[in-house]
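**Student:** The structure's right below; bear with me while I get my questions together.
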Amino acid sequence: MQCIEEPAYAKVNLFLRVLRRREDGFHEIETFIAPITLCDSLELESAHAFEFRCDEPGLAGDDNLVVRATRLFFSEINREPKIRLTLRKKIPHSAGLGGGSSDAAAALRALNRFFDAGLSSEKLSTLASQLGSDVSFFLNETAATCRGRGEIVTPAALPDPLSLLLLKPEFGVSSSWAYSRWQATREVAGAIYQSQKFGDITFVNDLERAVFEKFVFLAQVKAWLLKQPEVGAALMSGSGSTIFAVMRPKMNADLVAKRAKSELDPELWSCSCATI
């Protein structure tokens, strides 16, 4: 039985500017995104029908982006969906790390290879844009500047890999909710929202105001990280609820994570990783 495995890498937004609300209900953005070593895994096997399994049962329904991507792919190539997909999750849900979008992109890439369908990068990108604003970015597995609602992707390599620490509380944040609150909070002042320069990158996220106003603990996590001597910059990724720290050279992210759980919340999820 033929079987392949495809990684689905998470991401962080190193820079996110929200420019305006569009007539189609989305928001015009400019963002610099980097894939990171944290990843889900998608396994594909030959089967007599379409089967989808996930090690998180709550994510195994027909609304999962992997299922939607698979049905869209088979509709495009005009074939019956005969495949078994098994998704193993490590990227937390509603975390601003793009897990669902990355899973969908991994499905499109892997299905195209598995069935030797020969769909071009442009065609895959067209399919990806129908699934979500971030899915096109994840097709290429490289850092990029994204514009429009996120679907206009321009590869832009990072000067150097970044060592990161991700911290996430037990709760998540809805992307649609965060964007809906942007207009009401975009003039809110505060030193914690100021852009940060570290190396050749300027770190800023326009959604922090909206999210921190309701989820004050996230502001506390960011402020705490910025006080740690090992940390060069700290920012919320996407719409949250993950706050990431950019570690200074040769610093131990695991020690900072341990300290954060001791001083902030013992239930914090943490991950030491790096940009790709």
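Start counting the sequence shown at 0; every next residue gets the next number (numbering that gives the first Met the number 0). The beta-carbon is built from N, C-alpha and C at its ideal position, and this holds for glycine as well.
Would residue 215 and residue 224 qualify as a contact pair, given that the criterion is a beta-carbon distance under 8 angstroms?
**Tutor:** no
**Student:** Three-state secondary structure (DSSP) at residue 94?
**Tutor:** Three-state result, residue 94: coil.
**Student:** Beta-carbon separation of residue 28 and residue 142 under 8 angstroms?
**Tutor:** no
**Student:** Residues in the same chain with beta-carbon distance under 6 angstroms from residue 270, minus the five sequence neighbours each way, listed in chain order, please.
**Tutor:** 37, 165
**Student:** Taking 8 angstroms as the cut-off, does the stretch 119 to 128 touch the stretch 167 to 185 (at least 3 CB pairs, one atom from each stretch)?
**Tutor:** no
**Student:** How far does the beta strand (DSSP E) with residue 269 in it extend, from its first residue to its last?
**Tutor:** 268 to 273
**Student:** Tell me where the alpha helix (DSSP H) around residue 219 begins and ends.
**Tutor:** 215 to 225
**Student:** Quick one: complete beta strand (DSSP E) runs, 3+ long, within the stretch 107 to 176?
**Tutor:** Runs of the beta strand (DSSP E) inside the stretch 107 to 176: 143 to 147, 151 to 154, 162 to 167.
**Student:** If residue 69 and residue 110 are in contact, beta carbons under 8 angstroms, what's the gap, nearest whole angstrom?
**Tutor:** 7 angstroms
**Student:** Give a yes or no on whether the C-beta atoms belonging to residue 44 and residue 2 are separated by under 8 angstroms.
**Tutor:** yes
**Student:** Can you check the stretch 49 to 100 for any alpha helix (DSSP H) of at least 4 residues that lies completely inside it and give the ranges in chain order?
**Tutor:** 64 to 76
**Student:** Check for me: the alpha helix (DSSP H) holding residue 254 runs from which residue to which?
**Tutor:** 252 to 262
**Student:** Would you list the one or two residues that DSSP bridges to residue 26?
**Tutor:** 20
**Student:** Less than 8 angstroms between the beta carbons of residue 101 and residue 39, yes or no?
**Tutor:** yes
**Student:** Determine the direct distance from the alpha carbon of residue 80 to that of residue 210, and round the result to whole angstroms.
**Tutor:** 40 angstroms
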